[in-house]
Each structure stands twice: as C-alpha cells, then as structure tokens.
Amino acid sequence: MRLHPLGLSFAVAMVATLLSLFLGTVLAVLLWRRRFPGRELLDALLALPLVLPPTVMGYYLLVFLGRHSPLGRVFELLFGSPLTFTPTGAVVAAMVHALPSITKATRAALHSTDPQLLRAAASLGAGELRTLWTVVLPLCRRQLLAATMLAFARALGDFGVTLMVAGDIPGYTQTAALAIYDAVQSGQEHAALGLIADQSCVGASRRGKTGTGLGRTVPGSKRALTAVKSRSPASTASWSRIVAHDAGITGCASSATTRTASAPRCTTASQARASRIRASSTGRASTCAPSR
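Numbering (the numbering used here), first residue to last: -7 to 284.
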C-alpha cells in the first residue's frame, strides 16, 4: 500500500512524539532524583541530537541498528523484519530527533518545583511515585505540553536522520520532508509548494500553541496540595507543623526587625521616667531643707 508523504509524516511524528514523551519524562525524572555512575554521560548522550548534524546522527543510528549490529539482529529475530529502511525505522529516527526537546524541558521544569511541596507530600504519607503523579507532574503540565508540541514539530520536519535510517522509498518511507526534496530536485515546483504550504501551516499552528510556556510560572500548587491532603486527612497536623516551622523563621526575622525599630522609643521612655524620678527627688529634698 502506497502512503502519502504527508500522511506518513503525521503518523510517524505522532507515534514518535508519544514514545518521546514517555521515555523523555522517565529519563528526566531519573536525572532529577537519582545520582548514579554514568549520570553525566547519559546527559551528554541525550544532548547529541542537538549538537550533531542530522546526517551524522543518522549514520550512528544506522551503524547501531543495522542488520549486522547486535540490536538489529535481535529486532529481526523477534519481529521477522529489519529495523532499518522501514516505517519503524522512520519512527525511531524521528523519536531520537525529538527526544532531547522533551527531556531537557521536563528536567528544567522538575528542578523549578518548590521543595516545600515535596516535603509536604512526604509528610502526608505519599511515596515518590504518588508525589510525582499527583503533585509534580500536574505542576509541570504546561512545560510538558510546550515540550510535546516542540517535539512533534521536530519529528514532523526531520530530514537527515530519517534519510539515513529509513531511506527515501516513495510510498513506503518517504516522508513530507523527503518528498519536498525529491520534488525540488526533479523540477516539480507545484508539488513541492503544496507540501511546503502544508508543513508551514502545521509549524505555525504548533508555534502559536507553544508560545512561551517553557518559561511561564505554573499555578496550581494549592490544588495539588489539596489533592494530596484529601487522600490523607489524618496527617494535616504534620503539614501544619511544616508551615509553622517555615512561618516561624520569617516570624523570628520580623520580630527581630520590630525590636530593632522599637528600641529608640523604649530608650526615650526610659529617659523620661528617669527624669521624672530625679525631679521628684529634687522636690522632696527642697521641701525638707527648711525643717533642718
């Protein structure tokens, strides 16, 4: 069955974005919460698609996933077909190209989460997985949505990695970007312009929906805490102690500032009281002097 390049591009980009969203979120949480050997190496590997040329990245994938590689042999043994030069290979290429967008943005959003909310959830009896699902991810939903839209756009417009891993087979692995290149090379200007217009409309719509969500402050911490507290109503006292402790620190600083500000008034009152005492003592002494 021959597939239209634009339809194949949308299908590949959709599957690649869903896989990137799941895998990127898991990797971001792992890099955020865990310290393990090779952590920096994993972070560097995730940044490779951002710094390497797409054809170079595609060549590396072709070497690691080809029919003569261990991974390629295992895949062919399990599924009965090679991974490269197939629509599945196009999905893998688009996923690798889109994965850093979700991983980096999600990790930055996780680092911006208020630690007080994590301590409150832990005091209310929530485990790490429950805290992540009910508190952290709802707070990062806007950043996740923006990163997902960016990853979809990158997967939809991938050219070099897809060309190296999946090839340019018309009706089978030819995506919209590859079809535009072939149309321009063969002099089919009208076909190229039609695909370019479709791609441009999709890119403009994705950009409009994404906006500036990556740098926007996310509301909803009160709703997240309410959700955790509603699941564990017996531990409200623990949350109150945390709030009281944090408020106590601020209260101590405020009281110290108040004492410092009121010190001159106290000194003036003491001086006035001492003056009255001296005046009364002087009056009594002048009254008793004639009797002597």
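Ideal Cβ positions, reconstructed from N, Cα and C, are used throughout, including at glycine.
Given a cut-off of 7 Å, decide if residue j and residue i are closer than it, judged by their beta-carbon atoms.
i: I366; j: A36; result: Residue 366 cannot be examined here, being either before or after the span of the chain that is shown, -7 to 284.
i: L54; j: F67; result: no
i: V83; j: A183; result: no
i: S12; j: A97; result: no
i: A175; j: Q191; result: no
i: V21; j: A86; result: no
i: D110; j: S1; result: The identity of residue 110 in the sequence shown is Leu, whereas the question assumes Asp. No, Cβ-Cβ distance for L110 and S1 is not below 7 Å.
i: R99; j: L23; result: yes
Distance check for residue j and residue i, CA to CA, integer angstroms please.
i: Q108; j: A101; result: 15 Å
i: C132; j: L170; result: 35 Å
i: S61; j: T165; result: 21 Å
i: V18; j: A145; result: 21 Å
i: E120; j: A114; result: 8 Å
i: A143; j: P29; result: 28 Å
i: P92; j: A39; result: 6 Å
i: G64; j: G152; result: 20 Å
i: R27; j: D106; result: 20 Å
i: E181; j: I172; result: 9 Å
i: C193; j: P(-3); result: 16 Å
i: L187; j: G163; result: 15 Å
i: G72; j: G117; result: 48 Å
i: T154; j: T78; result: 10 Å
i: L10; j: G179; result: 36 Å
i: R31; j: L15; result: 16 Å
i: G81; j: Y52; result: 13 Å
i: M6; j: L137; result: 14 Å
i: R25; j: A112; result: 17 Å
i: H103; j: L57; result: 34 Å
i: G(-1); j: Q177; result: 21 Å
i: L69; j: D150; result: 28 Å
i: M49; j: V88; result: 9 Å
i: L185; j: R59; result: 36 Å
Nearest chain D C-beta to residue i closer than 7 Å, yes or no?
i: A90; result: Although the question refers to chain D, the structure presented lacks it and comprises just one protein chain.
Tell me the residue span of the alpha helix (DSSP H) that contains residue i.
i: R293; result: No answer is possible for residue 293: the residues shown for the chain start at -7 and end at 284.
i: P62; result: P62 to F71
i: Q135; result: R133 to L148
i: T160; result: First, the residue type needs correcting, since residue 160 is Asp and not Thr in the sequence shown. Unbroken run through D160: none, as it is neither H nor E.
i: P79; result: P79 to H103
i: S178; result: No alpha helix (DSSP H) holds S178; DSSP gives it neither H nor E.
i: T165; result: Segment: none, T165 is in no alpha helix (DSSP H) and carries neither H nor E.
i: A112; result: P107 to S115
I want to check one thing, is the minimum distance from the CB of residue i to the heavy atoms of the ligand FAD below 6 Å?
i: Q166; result: In the structure shown, the ligand FAD is absent, as is every other ligand, since no ligand is present at all.
How is residue i classed by DSSP in three states: helix, strand or coil?
i: F56; result: helix
i: S1; result: helix
i: H290; result: Since the first residue shown for the chain is -7 and the last is 284, residue 290 is missing from the structure and cannot be characterised.
i: P45; result: coil
i: F151; result: coil
i: G119; result: coil
i: P74; result: coil
i: A39; result: coil
i: G240; result: At G240 the pLDDT is 48, less than 50, meaning the model places this residue with poor confidence; the figure from the coordinates comes in the next sentence. If DSSP states are grouped into helix, strand and coil, G240 belongs with the helices.
i: A229; result: Unreliable positioning characterises A229 in this predicted model, as indicated by a pLDDT of 48, which lies under 50. A coordinate reading is not provided.
Practice problem: Count the C-beta pairs between the segment 119 to 135 and the segment 151 to 168 that are closer than 8 Å, then say yes if the count reaches three, no if not. | Solution: no
Quiz item: Using 8 Å as the threshold, is the segment 117 to 126 in touch with the segment 41 to 49, meaning 3 or more CB pairs across them?
Solution: no
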